[in-house]
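A.B. asks: Okay, handing you the structure first.
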Amino acid sequence: EKGGYEHFMLKEIFEQPRSILDSMRGRLELESGHLNMAGFRAYEQKFVNAHRIIIVACGTSWHAGLVAEYLIEDLARIPVEVEYASEFRYRNPVISERDIVIAISQSGETADTLAALELAKSKGATIFGICNVVGSSIARATDAGAYTHAGPEIGVASTKAFTAQVTVLALLAMCIGQRRGTLSDTKLRELMVELHSIPTKVEKALKLDAEIQRISETFKDVPNFLYLGRGYNFPVALEGALKLKEISYIHAEGYPAAEMKHGPIALIDENMPVVVIATRDSSYEKVVSNIQEVKARKGRIIAVVTEGDTTIPAMAEFVVEVPYTSEVLVPLVSVIPLQLLSYHIAVMRGCNVDQPRNLAKSVTVE
Ligand code: M6R
246 EKGGYEHFML KEIFEQPRSI LDSMRGRLEL ESGHLNMAGF RAYEQKFVNA
296 HRIIIVACGT SWHAGLVAEY LIEDLARIPV EVEYASEFRY RNPVISERDI
346 VIAISQSGET ADTLAALELA KSKGATIFGI CNVVGSSIAR ATDAGAYTHA
396 GPEIGVASTK AFTAQVTVLA LLAMCIGQRR GTLSDTKLRE LMVELHSIPT
446 KVEKALKLDA EIQRISETFK DVPNFLYLGR GYNFPVALEG ALKLKEISYI
496 HAEGYPAAEM KHGPIALIDE NMPVVVIATR DSSYEKVVSN IQEVKARKGR
546 IIAVVTEGDT TIPAMAEFVV EVPYTSEVLV PLVSVIPLQL LSYHIAVMRG
596 CNVDQPRNLA KSVTVE
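The sequence shown begins at 246 in the UniProt record's numbering and counts up by one.
Following this line, the structure appears as structure tokens:
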């Protein structure tokens, strides 16, 4: 059942080229240049006129929501707020009929996410769901939605569900942008071609496995980790840190790289590993200066860079290269080495990676 892999988590990490492809199959038609999302089409007008999009989710799905904030604001120019479902529902939030609430959930059974969308629904908002489990409670409670086609995710640590969510959210942002006229035909075409090539790029990123295993050996006994990223890679930093803490029990924090100087920089010394996601994009130069700041304090840098980078290898202790892709799709590729890093470190520490202590696959209590 684990298809020859030692753990479900590893199997699921390696399934990603396929699960990403399955999540865009029939939706992205490169030849005709069409995007087909039935759930979107039914509520097209609502999306076009929306004043605001509120995303509610928990955990990894909340991180996918953060990526969607960047995507939707960038491509469709609608203001987006991303909320922890558990905070949103207890806050007496301001919601109207002109709002669209997107609920993201792999299991479709997360109690807080379900309650948050029920609240928004009672205030007249339109509810759009991004779920993986067909017929789940959240899927049934929404007005419309788009399923991720990641297949069953057994490992408690979410991996392929995250990339499937980001894929579907990218498609959704493209649909809204096209319909609102905020995304030019040329740019849309470019993104479609790029998204289409993501499974191949993820395949390539998975080849880093042996290299990451070697890096993991060096860091398996440390008590802390810091993860830094900017822009589209900020949510990836959060996701990398969550993966590490939940399965290896190493304390890890994800931070927007520029926020480091407002506090966490005090933690950096020669014992602190800092994972920096520093792919070639609009914040690259800034991230390079953040790496210098870490280096000046003797932090141990593990950098995720774009293939062919010549600057960062001279500064970092370890460098892993991922294929180039458009900035807006970069999380789909840059998260892969972080998933592998957490997996290998957890295995080396003798942890139960598929069923970490204190955690359940779906959190059905509030
Ligand atoms: O099923 P959901 O996507 O609603 O689950 C949300 C979180 O409980 C989940 O992502 C959790 O954080 C994972 N264990 C992260 O790997």
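Where a beta carbon is used, it is the ideal one built from N, C-alpha and C, also for glycine.
1) To the nearest angstrom, how far is it from the Cα of V565 to the Cα of I546?
2) With DSSP as the reference, label C376 as helix, strand or coil.
3) At a threshold of 6 Å, does S268 count as lining the ligand NAP (C-beta to nearest heavy atom)?
4) Nearest CA to the CA of A541: which residue from T556, R525 and M560?
5) With DSSP collapsed to three states, give me the class of G476.
6) Determine, using beta-carbon pairs with one atom in the stretch 480-487 and one in the stretch 576-590, whether at least three such pairs fall under 8 Å.
7) If we ignore side chains and look at the alpha-carbon of each, how far apart do Y494 and A402 end up?
8) List the residues that DSSP assigns as beta-bridge partners of F563.
9) Among residues of its own chain, excluding the 5 on either side of A418, which ones have a beta-carbon nearer than 6 Å to its beta-carbon?
10) Can you list, in chain order, the stretches of the alpha helix (DSSP H) that have 4 or more residues and sit fully within the UniProt domain "SIS" (288-427)?
11) Of the choices L473, P518 and A415, whose alpha-carbon is the least far from that of K465?
12) Excluding sequence positions up to five away, which residues of its chain have a Cβ less than 7 Å from the Cβ of residue 242?
13) Leaving out the 5 sequence neighbours to the left and right, which residues in its chain are closer than 6 Å to residue 614 when beta-carbon positions are compared?
14) Nearest to L364 by alpha carbon, out of F373, Y392, I340 and C420?
15) Counting Cβ pairs, one atom from each stretch, are 3 or more of them under 8 Å apart for the stretch 257-268 and the stretch 387-400?
16) Below 8 Å on the Cβ atoms is my guess for V539 versus P582; work out the distance and round it to an integer in Å.
17) Using C-beta distances below 6 Å, list every residue in its chain close to Y472, excluding the 5 sequence neighbours before and after it, in chain order.
18) Taking 7 Å as the limit, name every residue whose beta carbon sits nearer than that to some heavy atom of the ligand M6R, in sequence order.
19) Quick one: residues in its chain with C-beta nearer than 6 Å to the C-beta of L311, no 5 flanking neighbours on either side, listed in chain order?
20) Quick check on DSSP: helix, strand or coil for E522?
21) Taking three-plus beta-carbon pairs below 8 Å as touching, is the stretch 432-449 in contact with the stretch 342-360?
22) If you draw a straight line from the alpha carbon of M282 to that of V411, how long is it in whole angstroms?
23) Taking just the CA atoms, how far does M269 sit from N377?
24) Give the single residue among T427, I258, E515 and A389 whose Cα lies nearest to the Cα of residue 202.
25) Could you tell me which of L489, T371, T524 and V567 sits nearest to E456, measuring between CA atoms?
26) How would you write the range of the alpha helix (DSSP H) that P262 sits in, first residue to last?
27) Among S571, V379, F333 and Q351, whose alpha-carbon lies nearest the alpha-carbon of A360?
28) For G595, which option in E246, E251 and K247 has the closest C-alpha, if you only look at C-alpha atoms?
29) Is the CB-CB distance between I513 and G544 below 7 Å?
30) With a threshold of 16 other CB atoms inside 10 Å of the CB of G422, please say whether the residue is buried or exposed.
31) What are the complete beta strand (DSSP E) segments, minimum 3 residues, inside the stretch 552-609?
32) So which of T387, I590 and I522 has the shortest CA-CA distance to K288?
33) Which residues in the same chain as L451 place their Cβ atom closer than 7 Å to its Cβ, once the five residues preceding and following it in sequence are excluded?
C.D. replies: Reading it off the structure:
1) 11 Å
2) strand
3) Although the ligand NAP was asked about, the structure shown includes only the ligand M6R as ligands.
4) M560
5) helix
6) The stretch 480-487, when compared against the stretch 576-590, does touch it at the 8 Å Cβ threshold.
7) 12 Å
8) In the DSSP output, where bridge partners are listed per residue, F563 has I547.
9) L316, I317, L320 and A321
10) 289-294, 304-321, 330-333, 356-367, 382-386 and 405-425
11) By alpha-carbon distance to K465, the top candidate from L473, P518 and A415 is P518.
12) This structure leaves residue 242 out entirely; the chain is present only between 246 and 611.
13) With the chain covering only 246 through 611, there is no way to say anything about residue 614.
14) I340
15) yes
16) No, V539 and P582 are not in contact; Cβ-Cβ is about 18 Å, not under 8 Å.
17) A482, G485, A486, G499 and V520
18) A302, C303, G304, T305, S306, I349, S350, Q351, S352, G353, E354, T355, T358, V401, A402, S403, A406, L487, K488, E491, L604, S607 and V608
19) Spatial neighbours of L311 in its own chain (CB-CB distance under 6 Å, excluding positions within 5 residues in sequence) are listed in chain order as V327 and P480.
20) The residue you asked about is not Glu; residue 522 is Ile in the sequence shown. Judged by DSSP in its simplified three-state form, I522 adopts strand.
21) no
22) 15 Å
23) The alpha-carbon atoms of N377 and M269 are separated by roughly 13 Å.
24) A query on residue 202 cannot be resolved here, the shown segment of the chain reaching from 246 to 611 and no further.
25) V567
26) Per DSSP, P262 is one residue of the alpha helix (DSSP H) stretching across Q261 to M269.
27) F333
28) E251
29) yes
30) buried
31) 563-567
32) Sequence inspection shows Tyr at residue 288; the Lys mentioned does not correspond to that position. Residue T387 is the option with its Cα nearest to Y288.
33) F259 and I581
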